[in-house]
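*Asks:*
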Amino acid sequence: MLAAGVVGDGSIDSTVTIDDRITNGPTLSDDDYYTISVTSIGDLDGDGVSDIAVGADGDDGTGTDQGAVHIHFLNTDGSVDSTVEINGSTTNGPTLSDNDYYGHVTSIGDLDGDGVSDLAVGAPGDDTGGDTRGAVYIHFMNTDGSIDSTVKIDDTTTNGPVLSDEDFYGFGIASIGDLNGDGVSDLAVGAYDDDGGGTSRGAVHIHFMNTDGSIDSTVEINGSTTNGPTLSDGDFYGISVASIGDLDGDGVSDLAVGAASGDSGG
């Protein structure tokens with residue numbers, strides 16, 4: 189992974205590489221796919237320096253392609269002070285099976301109000317309810333990178349997503365801030381292989397969250413949504429999701445959603 193310092197004109201001041209060869213960096217193996225996702229998690233340990241979480245969804249540490257997330261506590265020069273790995277053997281962490289591909293990570297802010305940033309991590313290969321429907325884990329974090337508690341969101345969750353086989357829910361994931369103004373950060377989760385309206389068109393699920401990690405309500409965005417995307421078969425809408433802040437100045441956060449196979453222009 190490359191960490192770059194960017195100056196005001198968009199040029200790069202300096203670059204630091206983080207990989208399995210550096211001091212205090214991640215322990216990696218072939219086909220781990222480290223950096224499948226990267227997110228800032230704020231100053232997790234309270235040392236005045238922002239830290240990062242990096243997904244490795246092909247990690248085999250606890251089973252074939254179960255996946256992992258590496259928490260890197262950073263120094264001001266971009267070097268790594270220490271690393272904590274979250275995987276299927278982590279206390280209070282995710283319960284994983286082979287081919288879950290856990291590691292699609294985003295910070296969800298301080299969901300439970302304890303002063304520590306929390307994480308949402310997608311496992312798009314999870315088989316709860318059916319084949320590769322997908323899941324998301326909400327991790328309530330401690331300042332040392334350990335996990336205080338975990339809540340799983342899947343096809344069986346009350347007020348959660350309605351999924352079908354091979355939806356791959358959890359591949360694209362983003363915190364969208366407090367969308368409905370209730371004081372709790374909300375979550376957007378892509379299901380890029382969703383077949384609503386046609387084969388592999390994709391969808392995004394907007395989850396209005398509660399402070400305990402449960403879901404208050406869910407809205408699905410797909411090709412039939414009013415004022416939503418115009419989709420065709422094989423568009424894979426939802427393969428990536430990003431909050432872009434309040435782009436139009438109406439006081440509500442907006443979204444950018446990738447459609448990896450969209451054929452606009454050719």
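If you read the sequence shown in our numbering, its first letter stands for residue 189, the second for the next number, and so on.
Note that the Cβ used here is the ideal one computed from N, Cα and C, for glycine as well.
1. In this structure, does DSSP put Asp438 in helix, strand or coil?
2. Mind checking Asn347: buried by the 16 CB within 10 Å criterion, or exposed?
3. Could you give the first and the last residue of the continuous beta strand (DSSP E) run that contains Val293?
4. Determine the direct distance from the alpha carbon of Gly297 to that of Tyr222, and round the result to whole angstroms.
5. Short of 7 Å in beta carbon distance, which residues of its chain neighbour Gly454, apart from the five on each side in sequence? Order them along the chain.
6. Do you know offhand how far Gly266's Cα is from Asp434's?
7. Could you check what DSSP says for Ile206 in three-state terms: helix, strand or coil?
8. Could you name each continuous beta strand (DSSP E) segment of 3 residues or more that falls completely within the stretch 355-410, going from the start of the chain to the end?
9. Please list, in chain order, all residues of the same chain as Thr250 whose beta carbon is under 7 Å from its beta carbon, the five residues on each side excluded.
10. Hey, out of Gly422, Thr414, Glu273 and His292, whose CA is closest to Ser225's CA?
11. Would you mind giving the Cβ-Cβ distance between Gly390 and Gly371, rounded to the nearest angstrom? I have them listed as a contact below 8 Å.
12. Whole angstroms is fine: what's the gap from Val237's alpha carbon to Ser228's?
13. Would you check if the distance between the CB atom of Gly317 and the CB atom of Asp343 is smaller than 7 Å?
14. Enumerate in chain order the residues of its own chain whose CB-to-CB distance from Phe328 is below 6 Å, with the five nearest sequence positions on each side excluded.
15. Starting from Ala448, trace the beta strand (DSSP E) both ways and give me its first and last residue.
16. Rounded to whole angstroms, what's the CA-CA distance from Asp201 to His260? Just pull it up for me.
*Replies:* Reading it off the structure:
1. Note: Asp438 maps to coil in three-state DSSP.
2. Classification of Asn347: exposed, given that the 10 Å Cβ count is below 16.
3. Unbroken beta strand (DSSP E) run through Val293: His292 to Gly297.
4. Roughly 23 Å separates the two Cα atoms.
5. Its pLDDT being 49, under 50, Gly454 is placed unreliably by the model, and the measurement read from it follows with that caveat. Short of 7 Å from the beta carbon of Gly454, and not among the five residues preceding or following it, lies no beta carbon of its own chain.
6. Here the C-alpha atom of Gly266 lies approximately 29 Å from the C-alpha atom of Asp434.
7. Reduced to three states, the DSSP call for Ile206 is coil.
8. For the stretch 355-410, whole beta strand (DSSP E) runs of length 3 or above, ordered along the chain, are 357-363, 375-379, 391-397 and 403-409.
9. Asn275, Gly276, Ser277 and Leu284, listed in sequence order.
10. Residue His292 is the option with its Cα nearest to Ser225.
11. That belief does not hold up - the Cβ atoms of Gly390 and Gly371 are roughly 31 Å apart, past 8 Å.
12. If you draw a straight line from the Cα of Val237 to the Cα of Ser228, it comes to about 11 Å.
13. Yes, these two residues count as a Cβ contact at 7 Å.
14. Residues of the same chain with a CB within less than 6 Å of the CB of Phe328, apart from the 5 flanking positions on each side, are Asp300, Asp306, Asp336 and Ser337 in chain order.
15. Looking at the DSSP string, Ala448 is not in any beta strand (DSSP E), and its letter there is neither H nor E.
16. The straight-line gap separating the alpha-carbon atoms of Asp201 and His260 is approximately 22 Å.
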